[in-house]
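Note sheet for the following structure.
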Amino acid sequence: MNRLYFVSFLLLLSFGCQTPQQVITPTFPTHTEQINLNRIKMITKSEAFHTDSKEGKKPLTLEPGVSVEYSENKIPFIQLDLFFEDAGISIIEEIISGTILDHHIIVLNQKGEIIAKQPVNFQAYEILETKTEVMRNKVIVGESKKPVKVNSTVPETKTSREAIERQYTDRDTVPQVLEIQEGKVPNLGEYINIYLELTYVNPQLEPNCESYAGNCNGAKQKFFEDVTGRNRRELDILKNRYVEGEVAQFPNLTQTEQLEFKTNIKSKIENTNGVFGPKHGFTKFMFREWNLVSSPRYFRIVSINKNGKQSLLEERNDEKKLTDESEEKSKSDDHDSHSIFDSPTHTKHKKRTIPTP
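Structure, rendered in structure tokens:
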């Protein structure tokens, strides 16, 4: 009997000591874990040039100046570049992938009024245009058996266009044209305030990478595949329109589309949570949404270009200085001038005392 108990004990011990199956820990691609909103800024063209220069980066100007220009159809606008290097988020790529569902650049005047508000704009494609000239000549061979050109034609010009998709990194500056609302153009010397608003959706991911063939971002791609597909289709349509020579802009998501995609993403997360992978790992996700606001930056209006005429802040200051000096001189002349009809209390009529030795 004791021997039977001993054998049973050994069997239980052998079952308990089986080598457990190894649980694979997901390894995610290395990326910045923190978003630094202070690094998302609007910068001037000159600052963008120094940023891209190989000579070394220069610090941003404390009080940058910006110009108000008018387009051919008399729309006032301001040109600036969007800059987000080392911000921990590649804004253009995130917009295309669908994690940034809503985005706006907002411009305020000194009174705090919104004078411009528009989505982040980016030139999705670069257009490569090639022009070739084709000459047609009739060649006749005469009695001399030498070719004779007859009836030469004017060269025909043929143009071909090719659209090349631009790839943006977090080190690229993205040009922006901010159209100012009618009747709200700031005056010379006034300040404007510009910042960026983003609606960013980024689920918390703890997936089993083996469930997605070793792709740790596979789950995220699945959640956003609908909005990413929509954006890719729009980019293809945009590409064809550019090739045809049309002027077009990337259509951003409407409020209705944003709500639909959010609902879709949440539904996929609920259906995916708790699903076990082949190595006893499991997926765990959480829907997260942030309304992000970048640090504001102030610009001073230093010039206004309208109808081919340019008004500069320096000229305005010089004119004001000359006007002030002229007024002061006029007051001084009025004070010093006198006549016999002045009042007896005028300084000219006061008794003067001449000291004697």
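Residues -19 to -1, 1 to 338 (mature numbering (1 follows the signal peptide of the UniProt record, and there is no 0)) make up the sequence shown, in order. A virtual CB, placed ideally from N, CA and C, is assigned to each residue, including glycine.
{"Check": "In the DSSP assignment, what residue or residues form a beta bridge with Q99?", "Outcome": "I86"}
{"Check": "Using 8 Å as the cut-off, can you tell me whether the segment 264 to 280 makes contact with the segment 137 to 152, which would need three or more C-beta pairs spanning the two stretches below that distance?", "Outcome": "no"}
{"Check": "Evaluate K22 with the Cβ neighbour count: other Cβ atoms within 10 Å of its Cβ, from every protein chain shown; 16 or more gives buried, anything less gives exposed.", "Outcome": "buried"}
{"Check": "Can you grab the Cα-Cα spacing for the pair N17 / A68, in whole Å?", "Outcome": "5 Å"}
{"Check": "Is the segment 161 to 179 in contact with the segment 70 to 85, if contact means three or more CB pairs nearer than 8 Å?", "Outcome": "yes"}
{"Check": "Would you list the residues sitting across from Y51 in a DSSP beta bridge?", "Outcome": "P57"}
{"Check": "Taking C-beta to C-beta, are L63 and V155 nearer than 9 Å?", "Outcome": "yes"}
{"Check": "Could you say which of A29, N168, I173 and Q104 lies nearest to Q291 if we only look at CA atoms?", "Outcome": "N168"}
{"Check": "Thinking C-alpha only, which one of P128, V283, L109 and L216 is nearest N118?", "Outcome": "P128"}
{"Check": "Expressed to the nearest angstrom, what Euclidean distance is found between the alpha-carbon atoms of Y279 and K203?", "Outcome": "40 Å"}
{"Check": "The beta strand (DSSP E) that contains L18, what's its start and end?", "Outcome": "It is not in any beta strand (DSSP E) - L18 carries neither H nor E in the DSSP assignment."}
{"Check": "Residues bridged to R142 by DSSP?", "Outcome": "E110"}
{"Check": "Excluding the 5 residues flanking L61 on each side, which residues of the same chain have their C-beta closer than 6 Å to its C-beta?", "Outcome": "M23 and Q157"}
{"Check": "I believe residue 342 touches E114 by the beta-carbon criterion, under 8 Å. Please report the beta-carbon distance rounded to the nearest angstrom.", "Outcome": "One cannot answer for residue 342 here, as it falls past the ends of the chain, which runs -19 to 338."}
{"Check": "Since D151 and S71 are thought to touch, with beta carbons under 8 Å apart, how far apart are those beta carbons, to the nearest angstrom?", "Outcome": "5 Å"}
{"Check": "So, are the CB atoms of K165 and I96 less than 9 Å apart?", "Outcome": "yes"}
{"Check": "Bridge partners of D62, per DSSP?", "Outcome": "I24 and P156"}
{"Check": "Taking a contact to mean a Cβ-Cβ separation below 9 Å, would you say I285 touches S48 in this structure?", "Outcome": "yes"}
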